[in-house]
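> One structure follows; several queries about it will come next.
Number of protein chains: 2
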Amino acid sequence: MIQTPYLLFLGDAPDQLAAKVAQGIKDWRPDNAVGQLRMEGCKADVGLADMTLAEAKSKGAKTLVIGVANRGGVISKAWKEVLLAALEMGYDIASGLHNLLEDEADLVEKAEERGCALHDVRIPSVAYPIASGVKRSGKRVLAVGTDCSVGKMYTALALDEAMRKRGMKSTFRATGQTGILITGEGVPLDAVVADFMAGAVEYLTPDNDADHWDVIEGQGSLFHVSYSGVTMALVHGGQPDALIVCHEPTRPHMRGLPDYAVPEMADIRDVALTLARVANPGCQVVGIAVNTQHLSDAEATAYLKKVEAEMGLPAVDPFRHGADRLAQALEAL
Amino acid sequence: MIQTPYLLFLGDAPDQLAAKVAQGIKDWRPDNAVGQLRMEGCKADVGLADMTLAEAKSKGAKTLVIGVANRGGVISKAWKEVLLAALEMGYDIASGLHNLLEDEADLVEKAEERGCALHDVRIPSVAYPIASGVKRSGKRVLAVGTDCSVGKMYTALALDEAMRKRGMKSTFRATGQTGILITGEGVPLDAVVADFMAGAVEYLTPDNDADHWDVIEGQGSLFHVSYSGVTMALVHGGQPDALIVCHEPTRPHMRGLPDYAVPEMADIRDVALTLARVANPGCQVVGIAVNTQHLSDAEATAYLKKVEAEMGLPAVDPFRHGADRLAQALEAL
Numbered sequence: 004m005i006q007t008p009y010l011l012f013l014g015d016a017p018d019q020l021a022a023k024v025a026q027g028i029k030d031w032r033p034d035n036a037v038g039q040l041r042m043e044g045c046k047a048d049v050g051l052a053d054m055t056l057a058e059a060k061s062k063g064a065k066t067l068v069i070g071v072a073n074r075g076g077v078i079s080k081a082w083k084e085v086l087l088a089a090l091e092m093g094y095d096i097a098s099g100l101h102n103l104l105e106d107e108a109d110l111v112e113k114a115e116e117r118g119c120a121l122h123d124v125r126i127p128s129v130a131y132p133i134a135s136g137v138k139r140s141g142k143r144v145l146a147v148g149t150d151c152s153v154g155k156m157y158t159a160l161a162l163d164e165a166m167r168k169r170g171m172k173s174t175f176r177a178t179g180q181t182g183i184l185i186t187g188e189g190v191p192l193d194a195v196v197a198d199f200m201a202g203a204v205e206y207l208t209p210d211n212d213a214d215h216w217d218v219i220e221g222q223g224s225l226f227h228v229s230y231s232g233v234t235m236a237l238v239h240g241g242q243p244d245a246l247i248v249c250h251e252p253t254r255p256h257m258r259g260l261p262d263y264a265v266p267e268m269a270d271i272r273d274v275a276l277t278l279a280r281v282a283n284p285g286c287q288v289v290g291i292a293v294n295t296q297h298l299s300d301a302e303a304t305a306y307l308k309k310v311e312a313e314m315g316l317p318a319v320d321p322f323r324h325g326a327d328r329l330a331q332a333l334e335a336l
Numbered sequence: 004m005i006q007t008p009y010l011l012f013l014g015d016a017p018d019q020l021a022a023k024v025a026q027g028i029k030d031w032r033p034d035n036a037v038g039q040l041r042m043e044g045c046k047a048d049v050g051l052a053d054m055t056l057a058e059a060k061s062k063g064a065k066t067l068v069i070g071v072a073n074r075g076g077v078i079s080k081a082w083k084e085v086l087l088a089a090l091e092m093g094y095d096i097a098s099g100l101h102n103l104l105e106d107e108a109d110l111v112e113k114a115e116e117r118g119c120a121l122h123d124v125r126i127p128s129v130a131y132p133i134a135s136g137v138k139r140s141g142k143r144v145l146a147v148g149t150d151c152s153v154g155k156m157y158t159a160l161a162l163d164e165a166m167r168k169r170g171m172k173s174t175f176r177a178t179g180q181t182g183i184l185i186t187g188e189g190v191p192l193d194a195v196v197a198d199f200m201a202g203a204v205e206y207l208t209p210d211n212d213a214d215h216w217d218v219i220e221g222q223g224s225l226f227h228v229s230y231s232g233v234t235m236a237l238v239h240g241g242q243p244d245a246l247i248v249c250h251e252p253t254r255p256h257m258r259g260l261p262d263y264a265v266p267e268m269a270d271i272r273d274v275a276l277t278l279a280r281v282a283n284p285g286c287q288v289v290g291i292a293v294n295t296q297h298l299s300d301a302e303a304t305a306y307l308k309k310v311e312a313e314m315g316l317p318a319v320d321p322f323r324h325g326a327d328r329l330a331q332a333l334e335a336l
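Here the protein sequences line up with chains A and B, keeping their order. Position in the first sequence (from 1) plus 3 gives the number in our numbering. Position in the second sequence (from 1) plus 3 gives the number in our numbering.
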């Protein structure tokens, strides 16, 4: 678990998109961050107060979170100076970079000297068990996609927020690096060893109050041949009571797979439900989340109406319209 | 790739079952082994000539294969003496033990000194790619089970043998430690990191002659919640042209999961075929392999006849009746 609150390190981000991890923290867990630290030439701004390490420290910041992608996969000399200074001041550091903090000898040495933690959220920090399949108390909802990167994390975060607003008990459960940095905990499922994937999901979503919902971030797609095994582990390890089908209607083909057509939502619904019911016979598909970012307002409204009629389920774009109708569907379950 | 031929180390096996890896090598790749090495008190015998390290060396043995499970997960002092002596004489060593050879400092030191290889087949030795999904030449058949440990490896090995006997081009592709030790190569799929599982299966079954078949060893089951993600990666990474459904009809419940009923063969057929056709739209289920070891001859015959009528597919026990009818079904495809 990563200690909050954070100071968000934006470094020398070349544009706003490069800081999407920091933006996600600001959007979804603003209370987790006291401010942002930008270096000279930084072109991103997530709308938090600019602070030095010392200023943020005085506001209580415990962890410097690298909220930006680095260029060329290398931690630059300029970044390194800031990171070493942070450790010197007693900050922990958390990172989802491909190149690991723990592979940087000077950071490791300084962290040991100062008793600080280095969190590389791309790699597991826990020895997960093999899944037992034992029925757990509490309820779980999982976002399943027709493809990768169709908005499953966004849907889960928006749903979690909408459920809390309705007074429901809900916890977003992160299964990828961005989600882990946003919430401070989770399982980097794509980096878990095969035999322990489903066990890692069970570990992430333990017994809970009967009326509590875990909102599990989905990964990949059962129809995406590169990552479907990861999705499968979520469907079985998560024991979901409810599924939300997530879709992006303008894809010419599956992400990264030019020869593969995006499946119909009904295909994902049917196969996901068949497999989910192995672990939880009562599982239901309760709604559809469509990422309509490439449609006009009128197109989006028409498309959602059509999907809703065809599938007989509430269909929303959580970004455009909020996720309250999905939360309502879960409440009604 | 493990160098052949082998000398099979049976150690102080307490019974025949403990030597099942050695037995598998003797049964399926007898040409891979020059003899067996048994220590005092060994209760197993796979029917090969007993040899000392020196005798086997003179017959050309290159690798000492640990063909026996060790007690308590510890490499004993008595075993260690044999292993060190083998390295001293220039043997490589191959092992599927949970406790790794590479974690034994004295073995590592001696292997380095003598320029010998230590093969721990439980862990991957290759940095597998992420699956590309690109269609490969050649044909592939995958064994899919209603449960774990229903005879998928045996079925694949028997099928490979039957296909060769018919003059077909066939290669058994191992995906677990026993299969890897039997054939000298393969992918320990349950130990691969999630993101690379399907890519590891693609790596294992590359482009080949148009009339060549890879016979892929199955793992787990799409309906076994602990390991279904591994199975999923085989279904998509393997791009199978054909599936064989494997079943054991006397199981009271899924292996290790007392609350989970074993699915119907038709359920596995339908969901496996739906998912396999994502990667290979022409995929067909061509036959059923039933492990009838707990049935009498009469019961087995009656059961297979019933299955054959219900499923409309050849149904055999490859151990009792051979796998030729399955090979025939593939040849007819």
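The beta carbon of each residue, even a glycine, is placed where N, CA and C say it ideally should be. All values reported here derive from a predicted model rather than from experimental measurement.
Quick one, which residues of the stretch 130–164 of chain A are near chain B if we go by CB-CB under 8 Å, in chain order?
Flagged, chain order: Ile133, Ala134, Ser135, Gly136, Val137 and Lys138.
> Taking Pro33 of chain B as the reference, give the member of B:Gly223, B:Leu333, B:Ala197 and B:Gly187 with the closest Cα.
Nearest option by C-alpha distance: B:Gly187.
> Indicate whether at least one CB of chain A lies closer than 8 Å to the CB of Ala277 of chain B.
Inspection of the sequence shows that residue 277 of chain B is occupied by Thr rather than by Ala. Answer yes: the Cβ-Cβ gap between Thr277 of chain B and chain A drops below 8 Å somewhere.
> Would you grab the beta carbon distance between Val196 of chain A and Val196 of chain B for me? Rounded to a whole angstrom, and I think it's under 8 Å.
About 6 Å separates the two Cβ atoms, so the contact holds.
> Got a sec, what are the start and stop residues for the beta strand (DSSP E) Leu246 of chain B sits in?
Counting along the chain, the beta strand (DSSP E) containing Leu246 of chain B begins and ends at Ala245 to His250.
> Here's a check: name, in chain order, each residue in its chain whose Cβ is nearer than 6 Å to the Cβ of Asp163 of chain A, leaving out the five neighbours to either side.
For Asp163 of chain A, where only same-chain residues beyond five positions count, the Cβ hits under 6 Å are Ser173, Phe175 and Val218.
> Report the start-end ranges of each alpha helix (DSSP H) in the stretch 298–331 of chain A that is 4 residues or longer and not cut off at the edges.
List check, alpha helix (DSSP H) in window: 300–314 and 321–324.
> Kindly list, in the order they appear in chain B, the residues whose Cβ is closer than 9 Å to that of Tyr263 of chain A.
Residues of chain B passing the Cβ test: Gly136, Val281 and Ala282.
> How long is the line joining the alpha carbons of Gly63 of chain B and Pro209 of chain B, rounded to whole angstroms?
Computed Cα separation, rounded: 31 Å.
> Is Ala88 of chain B close to chain A? Criterion is C-beta to C-beta, closer than 8 Å.
No, no contact with chain A.
> Mind checking which residues open and close the beta strand (DSSP E) that includes Leu145 of chain B?
Note, Leu145 of chain B: beta strand (DSSP E), Lys142 to Gly148.
> Rounded to a whole number of angstroms, what is the C-alpha to C-alpha distance between Leu329 of chain A and Ala161 of chain A?
About 10 Å.
> Assign Asp320 of chain B to buried or exposed, taking buried as 16 or more other Cβ atoms, counted over all protein chains shown, within 10 Å of its Cβ.
The residue in question, Asp320 of chain B, is buried, as its Cβ has 16 or more Cβ neighbours within 10 Å.
> So, using beta-carbon positions, are Tyr9 of chain A and Thr66 of chain A closer together than 8 Å?
Result yes, Cβ atoms of Tyr9 of chain A and Thr66 of chain A sit closer than 8 Å.
> Give the secondary structure of Gly14 of chain A by DSSP, where H, G and I count as helix, E and B as strand, and everything else as coil.
In the structure shown, Gly14 of chain A sits in a strand (DSSP, three-state: E or B).
> For the putative contact between Val233 of chain B and Gln222 of chain B, defined by C-beta atoms under 8 Å, what is the C-beta separation to the nearest angstrom?
Rounded, the Cβ-Cβ distance is 5 Å, consistent with contact.
> Can you tell me whether His256 of chain A is buried or exposed, with buried defined as 16 or more other CB within 10 angstroms of its CB?
Exposed.
> Give the C-beta separation of Asp18 of chain A and Lys46 of chain A to the nearest angstrom, bearing in mind that I take them to be a contact with Cβ-Cβ under 8 Å.
The Cβ separation is near 5 Å, so the contact holds.
> Are the CB atoms of Ala245 of chain A and Leu333 of chain A nearer to each other than 8 Å?
In contact: Ala245 of chain A and Leu333 of chain A (Cβ atoms closer than 8 Å).
> Taking only beta carbons into account, state which residues of the stretch 190–203 of chain B come closer than 8 Å to chain A, listed in chain order.
Cβ contacts with chain A come from Leu192, Asp193, Ala194, Val195, Val196, Ala197, Asp198, Met200, Ala201 and Gly202.
> Buried or exposed: which applies to Lys240 of chain A, given that a residue is buried once 16 or more other Cβ atoms fall within 10 Å of its Cβ?
Here residue 240 of chain A is Gly; the residue named in the question, Lys, does not match the sequence. Buried: at least 16 other Cβ atoms inside 10 Å.
> Flag Ala269 of chain A as yes if its beta-carbon sits less than 8 Å from any beta-carbon of chain B, otherwise no.
So, not an interface residue.
> State buried or exposed for Ala81 of chain A, treating a residue as buried only when at least 16 other CB atoms are found within 10 Å of its CB.
Exposed is the call here.
> Sort B:Ala201, B:Gly154 and B:Ala213 by Cα distance to Ala279 of chain B and report the nearest one.
Answer by Cα proximity: B:Ala201.
> Which residues in the same chain have their Cβ closer than 6 Å to the Cβ of Gln338 of chain B, if we skip the five residues on either side of it in sequence?
With chain B running from 4 to 336 in the structure shown, residue 338 of chain B is simply not present.
> Please identify the residue among A:Asn283, A:Gly285, A:Ala301 and A:Lys308 whose C-alpha is closest to the C-alpha of Ala337 of chain A.
The structure shown has nothing for residue 337 of chain A, since chain A only spans 4 to 336.
> Can you grab the Cα-Cα spacing for the pair Val111 of chain B / Asp212 of chain B, in whole Å?
The straight-line gap from Cα to Cα measures roughly 40 Å.
> Which first and last residues belong to the alpha helix (DSSP H) in which His239 of chain B is found?
His239 of chain B -> alpha helix (DSSP H) spans Ser231 to Gly240.
> From the DSSP output, in three-state form, read off Lys65 of chain A for me.
Lys65 of chain A: coil per DSSP, three-state reduction.
> Going by DSSP, what residue range makes up the beta strand (DSSP E) through Arg41 of chain A?
Start and end: Ala36 to Arg41.
> Which full runs of the beta strand (DSSP E) of 3+ residues lie inside the stretch 182–232 of chain B, going along the chain?
Complete beta strand (DSSP E) runs here, min 3: 215–219.
> Sort out for me which residues DSSP pairs Ile78 of chain B with in a bridge.
The partner list for Ile78 of chain B (beta bridge, DSSP) is empty, contrary to what the question assumes.
> Determine whether the Cβ of Tyr230 of chain B lies closer than 8 Å to any Cβ atom of chain A.
True, the Cβ-Cβ gap to chain A drops below 8 Å.
> Decide if Gln296 of chain B is buried, meaning its Cβ has at least 16 other Cβ atoms within 10 Å, or exposed.
Under this definition Gln296 of chain B is an exposed residue.
> Would you mind working out which of A:His324, A:Ile185 and A:Val310 sits nearest Gly27 of chain A, comparing C-alpha positions?
The option with the nearest alpha carbon to Gly27 of chain A is A:Ile185.
> So who's on the other strand from His256 of chain B, going by DSSP bridges?
According to DSSP, which records beta bridges pairwise, His256 of chain B is partnered with nothing at all.
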